[in-house]
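**Student:** Per the working numbering, the sequence shown starts with residue 271, numbered consecutively.
We put the beta carbon where it would ideally sit given N, CA and C, even for glycine.
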Amino acid sequence: MHELKIPRSPLVIFNRYNYVDPELVIVLEPINIPEDIYPHCPVEDKKKKVRGSCSTYQERKNVYSHSTDIVL
């Protein structure tokens with residue numbers, strides 16, 4: 271579990287197939303596209319043997335130890 275310095279924007283579900291031209295049957299690019307809050311950003315941490323995609327990998331703070339103290 272990690273905490274970010276700056277919280278992400280809310281996730282907006284975007285279905286590109288809602289923008290299909292009925293005559294050409296191709297996906298059209300709308301003028302306004304919601305922000306991608308999870309952009310592709312390759313990460314390779316050889317020390318921790320971690321690979322993935324996380325634009326906030328270096329800035330995030332591990333709060334796992336604090337979360338185990340919380341009682342539900």
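Within a Cβ cutoff of 8 Å, which residues of the same chain sit near L300, ignoring the five residues on either side of it in sequence?
**Tutor:** In the sequence under discussion, the amino acid at residue 300 is Pro, which differs from the Leu named in the question. The answer, listed in chain order, is Y289.
**Student:** Please report the residue range of the alpha helix (DSSP H) in which S335 lies.
**Tutor:** 334 to 337
**Student:** When the Cα of I276 is compared with those of T326, H336, P304, which residue comes out closest?
**Tutor:** Each of T326, H336, P304 was checked against the Cα of I276, and the nearest Cα belongs to T326.
**Student:** To which residues of the same chain is E305 closer than 8 Å at the C-beta, ignoring the five residues directly before and after it?
**Tutor:** S279, V282
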